[in-house]
Amino acid sequence: MTVVRELVGVSRAIAQIRDLVSRVAPTGSSVLITGESGTGKEVVARGIHDQSGRAAGPFVAVNCGAIPGELLESELFGHEKGAFTGAIQARVGRFEQAGTGTLFLDEIGDMPQGMQVKLLRVLEERSFERVGSNKTQLCDVRIIAATHQDLEAQAETGKFRADLYYRLNVFPIEISPLRERPDDVQVIAERFLEGFNKQRGTSTKVSKASFDALRQYPWPGNARELSNLMERLTILHPDEQVSVSQLPDRWRNGASHSAIIDEPRVPDFLFSDDEPSVNDNAEFMLPGLTEEGIDLKTCLSEMERVLIVQALDLSGGVVAKAAKLLNLQRTTLVEKMRKQGLERSE
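Counting from 1, position 269 in the sequence shown corresponds to residue 274 in this note's numbering; the numbering is continuous, with no gaps.
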């Protein structure tokens with residue numbers, strides 16, 4: 006997914022979010038950003054950081070749902086050498102890395118309750134200790150949290166600590182899903198296209214009629230799904246204007262298509278050395294074969310990369326979950342990621 010570091014959109018909802026960001030950024034208040042996966046919660050968090058007095062400091066992002074619970078404390082607070090098995094050297098945690106900047110805790114709703122207690126203490130006392138150390142370290146970091154879950158409901162049922170919820174929810178910002186902002190689809194897509202065209206040296210464009218169709222689509226994956234589609238189009242149509250007929254079925258038919266029923270099947274031959282059967286690619290959009298021919302090896306590699314990126318996005322960057330989505334062994338996916346330059350930590 007190409008990186009967009011500013012809030013893009015022309016809708017009233019986006020204008021309201023920009024206003025909220027400008028109001029809260031200069032303060033030191035904690036912010037809780039809510040919205041479905043893929044709506045751009047980290048983009049909003051970066052906007053707050055960039056407009057704050059802490060902009061010169063680091064912006065450090067942590068996905069709480071992508072780190073095993075038993076490792077999250079060390080990830081956030083760091084540890085001393087010998088603090089636990091495998092701690093062969095001291096490690097600086099994310100709080101120290103953030104310094105006087107901003108620490109963005111994404112998917113805070115996935116944080117184990119034991120860690121919630123420790124985080125609450127840090128927020129209240131503005132200090133922490135590394136794992137395996139009794140030395141208290143002061144911290145002056147701004148906390149911005151985000152979640153796609155209903156934390157208020159979870160706080161009421163005890164699934165999330167109510168005291169931490171209210172501590173985080175000083176200034177709430179809710180991002181509406183893309184399906185409720187159809188006017189934003191084209192401007193966001195064009196920003197993604199601009200980025201991918203620059204990366205690949207392509208000149209893909211999308212026709213007005215195609216954008217009309219895309220505005221009718223419900224976008225269950227929000228901006229992340231839109232980014233994936235734009236990346237796919239630059240691969241399949243590198244120097245063309247994409248017409249409606251060239252859009253994959255799922256997006257061409259807009260709202261009439263079910264995101265679940267029409268999810269493209271991952272072709273097994275993309276992840277195997279075996280020869281594909283005649284019908285292996287029937288449900289996957291391939292570039293048209295012309296008399297000039299194509300580089301099949303490059304084409305398959307690009308398609309494999311798109312699917313791996315999609316799986317990693319859907320799994321929140323957790324390689325084991327992405328491997329399951331692709332029906333691969335984790336080690337196989339790690340090797341493919343290495344070859345594609347997509348290595349990322351869990």
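Think of the CB as a built atom: it goes at the ideal place given N, C-alpha and C, for glycine as much as any other residue.
Owing to the predicted nature of the structure, the values given are computational and were not obtained by experimental measurement.
Pick from the options that is closest to residue i, judged by C-alpha positions
i           : options            : result
residue 5   : 113, 124, 45, 118  : The question about residue 5 has no answer, for the chain in this structure spans 6 to 351.
residue 137 : 79, 163, 151, 172  : 79
residue 49  : 157, 71, 142, 177  : 177
residue 63  : 194, 102, 40       : 102
residue 169 : 121, 51, 248       : 121
residue 19  : 145, 35, 192, 71   : 192
residue 146 : 345, 307, 57, 234  : 57
residue 22  : 139, 142, 181, 324 : 181
residue 246 : 223, 226, 254, 207 : 207
residue 73  : 344, 334, 326, 333 : 326
residue 85  : 222, 131, 139      : 139
residue 67  : 31, 33, 100, 110   : 110
residue 196 : 166, 229, 214      : 229
residue 116 : 131, 156, 95, 135  : 156
residue 308 : 203, 25, 241, 211  : 241
residue 104 : 65, 334, 172       : 65
residue 37  : 345, 175, 215      : 175
residue 357 : 239, 218, 243      : Any answer about residue 357 is impossible in this case: the structure gives the chain only from 6 up to 351.
residue 304 : 95, 131, 35, 239   : 239
residue 258 : 324, 173, 216      : 216
Extent of the continuous beta strand (DSSP E) run through residue i
i           : result
residue 142 : 141 to 143
residue 4   : Lying outside 6 to 351, the shown extent of the chain, residue 4 is not represented and no answer is given.
residue 111 : 107 to 111
residue 64  : 64 to 68
Beta-carbon separation (whole angstroms), residue i vs residue j, contact threshold 8 Å
i           : j           : result
residue 119 : residue 154 : Not confirmed; about 18 Å, so no contact.
residue 128 : residue 148 : 7 Å
residue 187 : residue 220 : 4 Å
residue 314 : residue 347 : 7 Å
residue 59  : residue 107 : 6 Å
residue 336 : residue 179 : Actually they do not touch by this definition, with Cβ atoms about 40 Å apart.
residue 190 : residue 231 : 7 Å
residue 41  : residue 227 : 6 Å
residue 100 : residue 133 : 6 Å
residue 52  : residue 26  : 5 Å
Per-residue burial, residue i [other beta carbons within 10 Å of its own, 16 or more giving buried]
i           : result
residue 97  : exposed
residue 15  : exposed
residue 317 : buried
residue 70  : buried
residue 44  : buried
residue 282 : In this predicted model, residue 282 has a pLDDT of only 38, less than 50, meaning its place in the structure is not dependable; the value taken from the coordinates is given anyway. Answer is exposed; the Cβ neighbour count stays below 16.
residue 341 : buried
residue 152 : buried
residue 331 : buried
residue 288 : Any reading at residue 288 must be qualified, since the residue scores a pLDDT of 38, below 50, and its modelled position is unreliable; the value itself is stated next. Exposed: under 16 other Cβ atoms inside 10 Å.
residue 302 : exposed
residue 33  : exposed
residue 158 : exposed
residue 61  : exposed
residue 248 : exposed
residue 163 : exposed
residue 203 : exposed
residue 112 : buried
residue 141 : exposed
residue 30  : buried
residue 135 : buried
residue 250 : exposed
residue 352 : With the chain represented from 6 up to 351, any question about residue 352 goes unanswered, as that position is not in the structure.
residue 214 : exposed
residue 310 : buried
Delimiting residues of the alpha helix (DSSP H) encompassing residue i
i           : result
residue 219 : 213 to 220
residue 229 : 227 to 241
residue 130 : 118 to 130
residue 323 : Note, residue 323: premise wrong, no alpha helix (DSSP H); not H, not E.
residue 252 : Premise fails: residue 252 is in no alpha helix (DSSP H) and is neither H nor E.
residue 27  : 17 to 29
residue 337 : 335 to 345
residue 75  : 74 to 82
residue 173 : 167 to 173
residue 195 : 190 to 205
residue 47  : 46 to 55
Cross-strand partners of residue i (DSSP beta bridge)
i           : result
residue 152 : 39
residue 133 : 142
residue 147 : 107
residue 96  : 84
residue 210 : 246
Residue-chain proximity (residue i, chain D), Cβ-Cβ < 8 Å
i           : result
residue 216 : Given the protein chain composition of this structure (a single chain), no chain D is represented.
beta-carbon residue i near the ligand MN non-hydrogen atom, thresh 7 Å
i          : result
residue 50 : The ligand MN is not among the ligands present in this structure, which contains no ligands whatsoever.
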